[in-house]
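Before any comments, here is the structure.
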Amino acid sequence: MKKRLSHNIRVLGLLLLLILLLFVNACGFAAKEPEWVLSTPVDGAYYQAVVMLSKKVPGYVDTARENALREISTQISVQIDSDIALTETEANGIPSNDLISQIRSSSRNRLNGIQLAGTYQTDKDYWAYYRLSKSEYRFWRNQQKDLSVQQAISLLSDFDSATGDIAVGITALLKALELIVDFTDMDLSCEYKGKQVNLYNELFNRLQRLPESIKPLYASQQLAVIAKTRTTHEIPVSISYLKDNQQYPCSSFPLAFSFIKGAGDIEKKTISDTQGAAKLTIRRIADFATPQQIALSPDKEYWQSRLENPIVKKLFTQLQFSPAYLTLLVSRPKAYLEYSFDNSAGSAYKDILVKKLQDLDLEVVKEKANADYYFKVAIISHEGEPLPLLNQHTAKADAYVELLDVASGKSIYSNNLTNIKSTGNSLAIARNKSELVAINEICDKLLFMLVEQHIMN
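Pasting the structure below:
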């Protein structure tokens with residue numbers, strides 16, 4: 044019994060000793076935190092960042108790295124080579140702070156060779172020490188600049204050699220600018236076609252001169268149209284590129300149409316053919332205002348949607364291309380009304396029909412030859428059953444209504460309204476009233492439907 048007790052005491056002692064050693068080691072580990080945790084090292088050869096995050100932050104290791112990249116990027120000095128370059132940049136609508144912000148953002152996204160120099164953590168927190176060699180970064184960025192310059196020179200040459208394929212040339216010019224604009228704080232001088240030039244200035248100047256060289260044109264500057272009718276009009280247009288005093292048809296060039304005044308259903312975008320030709324398709328003009336105008340211009344959105352660099356996108360957005368204009372002389376649909384009652388010209392009740400057609404936005408004309416649409420209305424009255432107990436007479440009327448297209452002579456719609464009843468103190472009065480009742484029936488049941496469904500559809 045004593046031996047077992049002695050054995051248990053020894054085991055318990057060993058356990059206590061082990062716990063004590065673990066505690067001492069833990070205290071020693073906590074006390075040996077790296078110096079960089081307490082103070083960021085000072086070393087002129089590196090950009091450095093020490094970041095700390097709670098371990099409760101989801102993905103704290105990756106987040107710490109992102110924070111370090113952001114901090115190091117703010118330490119990278121961005122300088123514009125000369126006051127002249129800075130002045131030119133501001134004068135052309137791109138503030139220097141925007142440009143510097145873009146260069147910093149680009150640098151952060153492209154940081155290469157960043158090193159994780161150390162980590163430290165406790166139960167609750169995580170520290171990371173990142174650094175980037177300044178000399179290695181400068182060497183790497185110069186390599187990137189030189190590569191971009193070579194590619195941009197080739198793209199500039201593609202633009203300069205473009206004539207009819209200027210749409211492809213514009214794409215090349217914008218791509219060259221995207222390659223170069225992030226290096227405008229560096230020396231961008233290079234040799235191009237035997238001359239020493241600043242590559243950014245060459246690209247920028249060509250972009251600024253682009254609008255004066257693109258010439259959109261309508262084959263006709265005016266068009267008479269009827270509003271609110273489904274009549275398709277196709278108007279030829281063209282686009283050309285002026286270079287060295289010679290005009291070249293622009294092949295496969297994106298074009299855009301837009302209402303400057305008015306509204307309607309048009310084809311808003313198209314692409315020119317190999318001869319620089321295209322067409323504007325007008326399907327419907329939505330209101331009666333006149334004149335209206337439709338502008339034709341290069342489809343800037345075609346290139347904007349393909350740009351990634353915000354500075355180049357801003358430069359391109361600021362370009363003002365000169366549009367061509369089509370003037371629309373808008374009129375209401377013209378209608379001619381042929382009316383008869385009992386095979387004669389009818390009474391003044393015809394004016395009710397005329398007023399209804401005018402209320403439905405039709406212009407009623409006196410000559411059929413001047414009309415777009417032809418309404419034929421004929422009413423025939425019949426004697427009805429007498430009502431001797433009431434001392435009244437009755438009449439019935441049948442109405443025939445037809446809508447025709449004047450140009451083709453084809454019938455668009457026809458219908459009959461029958462047994463339209465009316466009463467009066469005499470048969471003559473009853474028959475006379477049947478004309479008025481029939482006209483009101485036509486107005487209420489047919490004319491609105493005819494105009495909305497078959498004319499202004």
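Numbering-wise (the numbering used here), the sequence shown opens with residue 44 and increments by one.
We treat Cβ as the ideally placed atom computed from N, Cα and C, and that holds for glycine.
Does the beta-carbon of residue i have 16 or more other beta-carbons within 10 angstroms, so that it is buried, or is it exposed?
i: Ser197; result: exposed
i: Glu478; result: buried
i: Pro101; result: exposed
i: Gly427; result: buried
i: Leu231; result: buried
i: Asp225; result: buried
i: His436; result: buried
i: Ser390; result: exposed
i: Ile498; result: buried
i: Gln91; result: buried
i: Ala107; result: buried
i: Glu221; result: buried
i: Arg375; result: buried
i: Ala134; result: Residue placement at Ala134 cannot be trusted, given a pLDDT of 39 that sits under 50; what the coordinates show is reported in the next sentence. By the neighbour-count rule (16 or more Cβ atoms within 10 Å), Ala134 is not buried but exposed.
i: Ser315; result: buried
i: Leu380; result: buried
i: Lys236; result: exposed
i: Ala195; result: buried
i: Leu348; result: The sequence shown places Ser at residue 348, not Leu. Label assigned to Ser348: exposed.
i: Ala414; result: buried
i: Asp308; result: exposed
i: Asp287; result: exposed
i: Arg184; result: buried
i: Ala215; result: buried
For residue i, which of the options has the nearest alpha-carbon?
i: Ser82; options: Ala171, Tyr443, Asn462; result: Ala171
i: Leu266; options: Thr106, Thr324, Pro101, Glu406; result: Thr324
i: Thr206; options: Cys233, Asp230, Leu253, Ala219; result: Leu253
i: Asp402; options: Thr466, Glu114, Leu490, Leu339; result: Leu490
i: Ser178; options: Asn386, Leu222, Ile157; result: Ile157
i: Lys453; options: His436, Ala440, Ile485, Phe418; result: Phe418
i: Asn248; options: Val407, Asp203, Phe296, Ser263; result: Asp203
i: Phe364; options: Ile257, Lys98, Ala215, Asn110; result: Ile257
i: Ala440; options: Pro429, Leu430, Tyr456, Asn475; result: Asn475
i: Thr317; options: Pro366, Pro259, Ser295, Ala306; result: Ser295
i: Ser411; options: Asp448, Asn386, Leu396, Lys398; result: Before going on, a small fix: residue 411 reads as Lys here, not Ser. That would be Asp448, whose Cα lies nearest to the Cα of Lys411.
i: Ser465; options: Asn459, Ala481, Asn458; result: Ala481
i: Val94; options: Gly87, Asn110, Pro77; result: Asn110
i: Leu260; options: Val407, Glu245, Val280; result: Val280
i: Ala442; options: Val397, Val407, Ser383; result: Ser383
i: Ser116; options: Ser424, Ala450, Leu175; result: Leu175
i: Phe300; options: Ile278, Asp287, Asn288; result: Ile278
i: Cys233; options: Val211, Gln193, Ala215; result: Gln193
i: Val420; options: Leu199, Asn386, Ala88, Leu362; result: Asn386
i: Asn500; options: Asp330, Glu351, Leu430; result: Asp330
i: Leu362; options: Lys343, Glu351, Ala378; result: Lys343
i: Ile472; options: Ala160, Asn434, Asn462, Val444; result: Asn434
i: Ala88; options: Pro77, Tyr180, Leu112; result: Tyr180
Pull up the CB-CB distance for residue i and residue j, whole angstroms please, since I reckon it's below 8 Å.
i: Leu358; j: Leu242; result: Their Cβ separation, rounded to whole angstroms, is 15 Å, which puts Leu358 and Leu242 out of contact at 8 Å.
i: Thr370; j: Pro334; result: 5 Å
i: Lys99; j: Tyr169; result: With a Cβ gap of about 10 Å, Lys99 and Tyr169 do not count as contacting.
i: Trp346; j: Ile485; result: Rounded, the Cβ-Cβ distance is 57 Å, inconsistent with contact.
i: Leu339; j: Leu298; result: 6 Å
i: Lys271; j: Ile328; result: 7 Å
i: Ala219; j: Leu246; result: 5 Å
i: Met229; j: Lys188; result: 5 Å
i: Ala438; j: Leu400; result: 26 Å between Cβ atoms; not a contact.
i: Thr313; j: Ala306; result: About 19 Å; that fails the 8 Å criterion.
What residues in its chain sit with their C-beta under 8 Å from that of residue i, if we drop five residues either side in the sequence?
i: Ala73; result: In this predicted model, Ala73 has a pLDDT of only 48, less than 50, meaning its place in the structure is not dependable; the value taken from the coordinates is given anyway. Here the set comprises Thr165.
i: Asn483; result: Ile395
i: Asp126; result: Here the model assigns Asp126 a pLDDT of 35, short of 50, so the residue's position is not dependable, and the following value carries that caveat. Cβ within range, chain order: n/a, list empty.
i: Leu372; result: Gln265, Leu266, Ala267, Val268, Thr333, Pro334
i: Tyr368; result: Tyr261, Gln264, Ile303, Gln336, Ile337, Ala338, Leu339
i: Lys488; result: Leu460
Enumerate in chain order the residues of its own chain whose CB-to-CB distance from residue i is below 6 Å, with the five nearest sequence positions on each side excluded.
i: Gln496; result: none
i: Thr162; result: Ala171
Any heavy atom of the ligand ZN inside 6 Å of the beta-carbon of residue i?
i: Leu493; result: The ligand ZN is not part of the structure shown, which contains no ligands of any sort.
Just to confirm my understanding: we take residue i, look at its own chain, exclude 5 residues before and 5 after, and list those with CB closer than 7 Å. What are they?
i: Leu493; result: Leu446, Tyr456
i: Arg118; result: The question names Arg, but residue 118 in the sequence shown is Gln. So the qualifying residues of the chain are Tyr90.
i: Thr283; result: What sits at residue 283 in the sequence shown is Ser, not Thr. Excluding residues within five positions, the ones whose Cβ falls inside 7 Å are Lys258, Gln290, Tyr291, Pro292, Cys293, Gly319.
i: Arg276; result: According to the sequence displayed, residue 276 carries His and not Arg. Closer than 7 Å at the Cβ level, and outside the excluded window around His276, lie Leu266, Val268, Ile325.
i: Val211; result: Ala205
i: Leu407; result: According to the sequence provided, residue 407 is Val. The question's Leu does not apply to it. The answer, listed in chain order, is Ala378, Leu380, Val397, Leu400, Gln401.
### Every unbroken alpha helix (DSSP H) inside the region 362 to 445 [4 residues or more]
393 to 402
### Task
Write down every uninterrupted run of the alpha helix (DSSP H) in the region 304 to 350 whose length is 4 residues or greater and which is fully enclosed by it, in chain order.
343 to 347
### Message
Extract the residue ranges of the beta strand (DSSP E) inside the region 227 to 274, only unbroken runs of 3 or more that lie entirely within it.
### Response
232 to 235, 238 to 241, 257 to 261, 265 to 269
### Query
What are the complete alpha helix (DSSP H) segments, minimum 4 residues, inside the region 166 to 236?
177 to 204, 209 to 223
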